[in-house]
Amino acid sequence: MNGYFLKGGINNLTDERYFTRRAGCYSGPGILPTDARYFYVTAGIKL
Numbered sequence: 027m028n029g030y031f032l033k034g035g036i037n038n039l040t041d042e043r044y045f046t047r048r049a050g051c052y053s054g055p056g057i058l059p060t061d062a063r064y065f066y067v068t069a070g071i072k073l
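Position one of the sequence shown corresponds to residue 27 (the working numbering), numbered consecutively onward.
Structure representation (structure tokens):
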């Protein structure tokens, strides 16, 4: 299966809740919550 690949991962493994200050040019709320825990998988073929 040379040329094929499969990758995966987990973001925010501990599902920690924290916030980021917004950028000065963003007119929304003053803090932005982080994403919850999520998993991802990527598959592809190298040509």
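Cβ atoms here follow ideal geometry from the backbone N, Cα and C, with glycine treated the same way.
What you are looking at is a predicted structure, and each value in this text was computed from that prediction instead of being measured.
If you draw a straight line from the alpha carbon of G35 to that of F65, how long is it in whole angstroms? 6 Å
Boundaries of the beta strand (DSSP E) in which L58 is found, first to last residue: I57 to P59
From the DSSP secondary-structure annotation, give me the bridge partner or partners of Y66. G35
Can the beta-carbon of L32 be found closer than 8 Å to that of A62? no
Under 8 Å by Cβ, that's how I've got T46 and I57 pegged, so tell me the actual separation to the nearest angstrom. 7 Å
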